[in-house]
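Inspection log for the structure reproduced underneath, given as structure tokens.
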Amino acid sequence: MCPKCVSDDISIREYDFGPCQQTGYRDAGEWFTCRACGAEGDVGELERGLAARRATFASSG
Ligand SMILES: [Zn+2]
Numbered sequence: 035m036c037p038k039c040v041s042d043d044i045s046i047r048e049y050d051f052g053p054c055q056q057t058g059y060r061d062a063g064e065w066f067t068c069r070a071c072g073a074e075g076d077v078g079e080l081e082r083g084l085a086a087r088r089a090t091f092a093s094s095g
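Residue 92 in the numbering used here is what sits at position 58 of the sequence shown, and the numbering runs on without skipping anything.
In structure tokens, the structure reads:
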């Protein structure tokens, strides 16, 4: 679910840039693109959007 427009029309693709030259850590993961509003970011953002939505529901009763 898109954290900006709350659309479910999201495409997710894996990325892998290999080891970072500065940190040595592997720069890889999953990246989402919202087809509704064009927002994109790490898939972790999607889970944060879900948590925020649940909190809203809980507070509204
Ligand atoms: Zn969106």
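Cβ atoms here follow ideal geometry from the backbone N, Cα and C, with glycine treated the same way.
As the structure is a computational prediction, the values presented were derived from the model and not from experiment.
{"query": "Those residues which DSSP pairs with F66 across a bridge", "result": "I46, G75"}
{"query": "Span separating the alpha-carbon of I44 from that of A73", "result": "9 angstroms"}
{"query": "Nearest neighbour of D61, chosen from P53, A86, R87 [CA to CA]", "result": "P53"}
{"query": "Within 8 angstroms, strictly: CB atoms of L80 and F91", "result": "no"}
{"query": "Nearest-residue set for ligand 1, Cβ under 6 angstroms from any heavy atom", "result": "C36, K38, C39, S41, C68, A70, C71, A73"}
{"query": "Strand pairing of R60, partner residues [DSSP]", "result": "P53"}
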